[in-house]
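Trainee:
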Amino acid sequence: MQDKVNMVLRLLLGLIFAVFGANKLVTFLPSPEFSTDAMNFFGALASSGYFLKLLGIVEVASGLMLLTNRFTALALTMLAPVTINIFLFHVFLAPSGLVLAIIVIGLNAYLAYVNRDKFSAVLS
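Right under this line is the structure:
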């Protein structure tokens, strides 16, 4: 039973990042309304010319790793700073998305805990 729960949570996190990462590469979802500060932050990332594309590639690649259950620990490691930034973005700049941010950071933390044996060499 626990394996099925872990699989569903892994697939959910993978799907979230695959979809939202792909949206950074090819926009197909409408942009939510953000505060001026949030838009300024997001605009700065976009104006760099590379950051949102790089972020989209990392999110899609990590999402696909989770969806296929290949290199799960690597995907969770790559997504850790992304999820922290998503959470902090919504805490400080766009509180309307905080529920999804908490879900994403919770899923990443839970899956990292479940896969903690794969991180033992890095943490020793």
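Counting in my numbering, the sequence shown runs from 382 upward without gaps. Where is the CB? At the ideal position from N, CA and C, for every residue including glycine.
1) Measure the beta-carbon distance from P448 to L492 and round it to whole angstroms, keeping in mind my assumption that it falls under 8 Å.
2) Which residue spans inside the segment 399-439 form an unbroken alpha helix (DSSP H) run of at least 4?
3) Kindly list the residues whose CB is nearer than 7 Å to the CB of L433, restricted to its own chain and excluding five residues on each side of it in sequence; keep chain order.
4) Measuring alpha carbon to alpha carbon, tell me which residue in E414, D418 and S443 is nearest S477.
5) Do V463 and L436 have their beta-carbon atoms positioned less than 9 Å apart in this structure?
6) Below 8 Å CB to CB, which residues in the same chain sit around L392 once its five sequence neighbours on both sides are set aside?
Mentor: In short:
1) In the sequence under discussion, the amino acid at residue 448 is Leu, which differs from the Pro named in the question. About 13 Å separates the two Cβ atoms, so there is no contact after all.
2) Listed in chain order, they are 417-428.
3) Result list for L433: K405, L426 and A427, in chain order.
4) When each option's Cα is compared against that of S477, the closest is E414.
5) yes
6) L447 and L448
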